[in-house]
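By UniProt numbering, the letter at position 124 of the sequence shown is numbered 124, and the numbering carries on one by one without gaps.
What follows is one structure encoded as structure tokens, with my remarks underneath.
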Amino acid sequence: MGQGIGAAEYWTCDTGVSELIFDYTPLMLGSYSSFYDAICGYPPAAGTILICAVEMADDKSEAFRKKIFEYASTACNKYSSYLEDWTFYEAQYLNATKYYKPFEEITNTSLPIYYPTTPNMTALGPEYIGYKAYYFNLDSGTWFAVGICGYFLLLIVISALFNFARYAGVTKSINNSSFAKLCQKYVIFPTMAPNGKFSQFWGSKWFPIFLPNRIQFITDVFLFGLQIAFYCVSYRYKEGWWFGTPEHAWQRYVADRTGIMAFGKIPLLVLFAGRNNFLLWITGWSYSTFLHFHKVVAWWMSLDTLIHSVAYTINSLGYYVLYIKTEPYFVYGIIATIFCGLILLFALPPFRVFYYEYFLVVHVTFAVIFVAMCWWHCNTLGWLEWLIATCCVWAFDRILRVIRMFAFGYRTATLTVVGDELIKVEVPKPAWWRHQPGTYGYIYFAGILFWENHPFTTVVEGNNLCAYIRVKKGVTYRMWNKLLKNNNTMTWKVSVEGPYGGNVATPLKKYDEALLIAGGSGVPGILENATQVSSGKLIWISQTLQGIKAYHNLLKNVNIDVEVYITREQGESRVTSIEQFLTETETTDLSTDNSEKESTELKALSNSKGNFKIFYVRPNIEELIDSNIRDSPSSSIGIAACGPPVLMDSIRHTLASHVTNWEKSVDYFDEFQIW
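Next up, the structure:
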């Protein structure tokens, strides 16, 4: 901060004192000793600048006088050979007042001066106004950077209160009010546009764009308003002449403000992208929500950086070339801007979606280079506290990730083909692993690309931690090919970094009834939730019946009704029990356990109480959800879902369309993650 700390007064008087001559030989131990040694350590010169600063100040209080002395100490420690605290400059000032000689009594200012005086205070007036305007702008940039952080803090506080209300069961009664239902209908549940896309991408498959949902879009709009306001307001570029013409001053002020605002966003970028983000638990936001804000803040930070760089380039008129060797901060700024642009370029969907492993390495590497260039750019200018905060947040996240990995270690896992392009990974569960339905971990497969990892929902089956992995590209495709060559089963060393997530199970239990909807690779977490609720229904959409049988170890612990919809096979719809269905699948056991053991478990099965209905039809999601909620005798229903993107968007459209028509409390837990 520059205003209110004596900086404007000190540097104004520095300009005036620079026109005076003192008979002093500098010690040359500091970076700018040739000039600053005199005003920092030679009593006549030091006394002159301090008397000038005290007289120049609008604030004549003792407290502000101390701030001037403290700022003198800071400046001199940075630029001169003298490393003294503020009391040294207080003593210099008091000594100078005893031997002070007015400027008007100096007959020849071209000769050395041997006593403290003051420069021409009247002539310094416009400069003082200019310095105050300059520091006002710097402080505005800092406050605006803090304002952006404060905006997200406000969102976090509001979300935390709502999240804790969910955990306490308060929302169960609130959600039945007319106001809450209107908020759900128009703000919380819908996609950005009516019947639009959120979980699905928009655009072509070669350039997919993921749009925010309605509530994210609203927060983005408010952020847009803040940014534009902060760009435009309160430039005192017509006050003083320190930067020449008002136009030249405005260019400099725009450059300074946007540069500081860019720095203020860097800690947010790292915090929002971190896996060990305590705000995940506090707010109840999904990791994909934080990644959304990471992207939005990144774009604004990049715009800040671009404006800063362009404005400074115009303002400098190319003179920075003359000082590249002695003051390379400008070069570091150019390099930082280039890498900022490269980070954005390689984070575009074609690179991020189709070459994710390479994107991740490039993204982190370029980000480290960017932060390093920012540090060297400003290590003599200030504002490093933002970068220090960035490094602390980044180090905290990385250290915890390493600790999690070392705690788990590399364990021998059993990999098995359990369905069409579906792999089951089973690994012994550590005793310390805290598990809840919806928990996920990042799985590292030992091999050449040891750093490569992907998030997968984990479930607990006996003493094993299991993940059901849908084959896509990269490491999952390589593992699939190895499995096919090894008779569909093999062992492999894996490490699981986690646990993460698993925040839905507790608030879901607060509702009288649960409506669980699962499909595709989103089945495990929802199915495990179904094992912990006592009342409700599981709606399961699968392409084949074999896709249901793959999860029989989880299904046998479900105590609620299950409705299965098979969309790509023909058959006769039927109603049975979970126990009977599992018994029928005994001969097609696909687990890694032996058949005799599995048979014993199935015959001993007695705790599965729900009906099991199988329909060979593609369901109408809107009608299905509406009828289940209307026909339910419960007064409150918690809905949790995870499945293919088109299913998730259909659920949002249904909830937004019908929530005001349901005379009961409804809440929605979206377990779908967009990485």
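We treat Cβ as the ideally placed atom computed from N, Cα and C, and that holds for glycine.
Query raised in the report: How do the segment 337-351 and the segment 291-303 stand: do at least 3 beta-carbon pairs fall below 8 Å, yes or no?
Result: yes
Report task. Let me know the secondary structure DSSP gives residue 593 once reduced to three states. Result -> Confidence in residue 593 is poor, its pLDDT being 47 and thus under 50, which makes the residue's placement unreliable; the coordinate value appears in the next sentence. DSSP places residue 593 in coil when its eight states are reduced to three.
**Report entry** Spatial neighbours of residue 144 in its chain, beta-carbon cut-off 6 Å, leaving aside the 5 residues before and after
**Finding:** 230, 261
Requested in this report: Measure the CB-CB distance between residue 204 and residue 674 and report whether it falls below 8 Å.
Outcome: no
Query raised in the report: In three-state terms, what does DSSP make of residue 456?
Result: strand
**Report entry** Own chain partners of residue 476 with C-beta closer than 8 Å, once the 5 adjacent residues on each side are dropped
**Finding:** 423, 454, 469, 470
Query - Among 479, 502, 501, nearest to residue 491 - alpha-carbon criterion - result: 479
Report task. Ignore the nearest five residues each way along the sequence and tell me which others in residue 624's own chain have a CB closer than 7 Å to its CB. Result -> 539
Query raised in the report: If you run the structure through DSSP and keep just helix, strand and coil, what is residue 663?
Result: coil
**Report entry** Stretch pair the segment 130-145 + the segment 74-81: three plus CB contacts closer than 8 Å
**Finding:** no
Report task. Could you tell me whether the Cβ atoms of residue 631 and residue 511 are closer together than 8 Å? Result -> no
Requested in this report: Go through its chain and collect everything with a Cβ distance to residue 665's Cβ below 6 Å, but skip five positions before and after it.
Outcome: 172, 175, 176, 636
Query raised in the report: Is it the case that the Cβ atoms of residue 438 and residue 523 are separated by a distance below 8 Å?
Result: no
Requested in this report: Name, in chain order, the residues that DSSP records as bridge partners for residue 445.
Outcome: 494
Query - Of the residues 213, 134, 211, the one placed nearest residue 254, counting alpha carbons only - result: 134
Query - Continuous alpha helix (DSSP H) assignments of at least 4 residues falling wholly in the UniProt domain "Ferric reductase NAD binding" (511-654) - result: 523-530, 546-549, 552-555, 578-584, 595-603, 621-631
Query raised in the report: Which of helix, strand or coil does DSSP assign to residue 7?
Result: helix
Query raised in the report: Which residues in the same chain as residue 42 place their Cβ atom closer than 8 Å to its Cβ, once the five residues preceding and following it in sequence are excluded?
Result: 22, 24
Report task. Express the C-alpha separation of residue 450 and residue 151 in angstroms, rounding to a whole number. Result -> 39 Å
Query - Residues bridged to residue 169 [DSSP beta-bridge criterion] - result: Per DSSP, none; premise fails for residue 169.
Query - Proximity to residue 634 [Cα-Cα], best of 650, 125, 663, 488 - result: 663
Query - Start-to-end residues for the beta strand (DSSP E) that takes in residue 413 - result: 411-419
Report task. In angstroms with no decimal places, state the Cα-to-Cα distance between residue 570 and residue 548. Result -> 15 Å
Query raised in the report: Should residue 579 and residue 613 be called a contact, given that it needs their Cβ atoms to be closer than 8 Å?
Result: no
Query - Straight-line gap, residue 595 to residue 552 (C-alpha atoms, nearest Å) - result: In this prediction, residue 595 scores a pLDDT of 46, lower than 50, which makes its location untrustworthy; the coordinate-derived value is nonetheless stated afterwards. Looking at the two C-alpha atoms, the distance is approximately 13 Å.
**Report entry** Span of the beta strand (DSSP E) around residue 464
**Finding:** 464-470
Query - Through-space distance from residue 117 to residue 94, alpha-carbon basis - result: 13 Å
Report task. Rounded to whole angstroms, what's the CA-CA distance from residue 291 to residue 210? Just pull it up for me. Result -> 11 Å
Report task. Output the boundary residues of the beta strand (DSSP E) element that contains residue 425. Result -> 422-428
Query - residue 323 (DSSP reduced to helix, strand or coil) - result: helix
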